[in-house]
Amino acid sequence: MQGRVSLVVVPLLVVAIGAVIYLLVLTQPQKQAQLQETPPATVVVDAVHRVDLTPMAEVMGTLVPARVAALHFQLAGQVVGRHVDAGHRVVSGTLLMTLEDGESRDQLSEAQARLEQERAAVVRDRRLLNMAVRQSKLQRKEAKRLTRLGNDSLASRSLLDEATQRLIQLEQEEERRRFDVNAAKARIKQREAELSRAQRRLAFTRLVAPFDGVVNVVYLQAGDYATAGEPAVELIQFDVLELRVELRREVAAALSVDQAVDVWLDERQLSGRIVALQRDPDPQTWTYAARIRLDKTGVLPGGAALAKLPLRVLKQVMVVPAAAVLRESGISYLFVVVEGDHLRRVAVDLGRRQGALQVVKSGVAEGDRVVARDVAALSDGQRVTVLPDVAGTP
């Protein structure tokens, strides 16, 4: 009997205990969420300060040879010799191409012969002048002698008339010879000019290099007929390169000819010098052309390079780190630390940026401490923990 009671009571106790536990779970009080204060953001600050700033303008340009010459013949003729090809290095005076020169040589020979004849004629004219002077002198003495004899007889008068007439003829001959001698210098110069023209014409049949360089293009072959002014050979001097750039007005105004500038080419820094600077802008682009000379770069022309051009010095301007500026909706802001650990967002008017520094025209004062970086997540009035600033001042 007692065993049966145990079998009934034990399950009931288990059920009762389970029911009590279930009720306790259902009726236990809810845990309250405890709010914890967000720790203040940690920021790095820098003081607004004044410096003398030299802005730099970066301008891309194209590298071209310092000298490029499209060489041509100055007279027409058939090409009989092509002495160079593209890529050949030449020195000043190297023969590049020749024309048929038979006619030019004949003209030179004729001019030389005419000059020699003229010089011989001058020697002859001087001898004849001396003879004419002596004859005139003798005839003048004869006329004076006859005059002293008098005019008493008819024969005397006749001899005097003949002597006078002969004297006039000799004086005329003397004057002609004197004119020939006096004009000899002009005739010699004329013949020398003809000879010089013939020599130049012969020289024009030879195309020579006007400077040390490299042949870039040869346009004519042996047998071609060259016309005057037609390009025959293009010669370049690429040991010395020039960087051609187009500048804005404010950049051009700050530069001058012979000014030294830095040029960057494939991470190499090169020294350059401004050799030409346009002062009247291009009427279509309103930019100013400039050429920067680079000596012995060891590179081929045709590539691009970056010129860093110094502008006018900005005296004692206020600057902050460029990373301190927050831009929203076209407005620039700085976060100024106030009351030691709070931020105030201030709208500012910015000037030129130079590298890691940003010029500030207005909105903050010298000495204000501003957040130096990582400003995108900050807000006005936010509490922060300030670390030592960029300059190392706590």
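Position 59 of the sequence shown, counting from 1, maps to 1185 under the numbering used here, and the rest follow consecutively. C-beta atoms are modelled at their ideal positions from N, C-alpha and C, and glycine is treated no differently. Quick caveat, the model's predicted, so the values are computed rather than measured.
Contiguous beta strand (DSSP E) elements confined to the stretch 1380 to 1434 occur at 1386 to 1391, 1394 to 1403 and 1414 to 1421, taking only those with 3 or more residues. Look at G1489 here: in three-state DSSP terms it is coil, with no helix or strand label. A residue is called buried when at least 16 other Cβ atoms come within 10 angstroms of its Cβ; D1406 does not meet this threshold and is exposed.
In the DSSP annotation of this structure, the continuous segment of the alpha helix (DSSP H) that includes S1322 starts and ends at A1310 to A1329. For a cut-off of 8 angstroms, the C-beta gap from L1420 to L1333 is around 29 angstroms, too long to register as a contact. Non-local C-beta neighbours of R1509 in its own chain, meaning closer than 7 angstroms and more than five positions away in sequence, comprise P1166, D1467 and H1468, ordered along the chain. Within a 10 Å sphere around the beta-carbon of L1513 sit fewer than 16 other beta-carbons, which makes this residue exposed. At the C-beta level, V1343 and E1320 stay beyond 7 angstroms of one another. Taking E1297 as the centre and dropping the five residues before and after it, the same chain places the C-beta of S1262 closer than 6 angstroms to its C-beta, in chain order. With contacts defined as CB atoms closer than 7 angstroms, L1234 and R1304 fail to qualify as a contacting pair.
V1174 carries a coil assignment under DSSP once its states are collapsed to helix, strand and coil. For K1441, the CB contacts under 6 angstroms within the same chain, skipping 5 residues up- and downstream, are D1178 in chain order. With 16 or more neighbouring CB atoms inside 10 Å of its own CB, V1171 falls in the buried class.
Around the beta carbon of I1400, 16 or more other beta carbons lie within 10 angstroms, which makes this residue buried.
The alpha-carbon separation between L1328 and R1208 amounts to approximately 17 angstroms.
Taking 7 angstroms as the cut-off, the beta carbon of E1299 is found no closer than this to the beta carbon of A1237.
P1357 is bridged by DSSP to H1198. It is roughly 13 angstroms from the alpha-carbon of V1464 to the alpha-carbon of V1169. In this structure, DSSP gives T1188 an extended state, which the three-state scheme calls strand. DSSP places G1207 in the strand class (E or B) of the three-state scheme. Here the alpha carbons of A1503 and F1461 stand approximately 11 angstroms from one another. Per the C-alpha coordinates, the member of W1390, E1368 and T1511 positioned closest to L1403 is E1368. The C-beta of V1439 has fewer than 16 other C-beta atoms within 10 Å across all chains shown, which makes the residue exposed.
Ranking A1202, V1206 and A1183 by CA distance to the CA of A1348 puts V1206 first.
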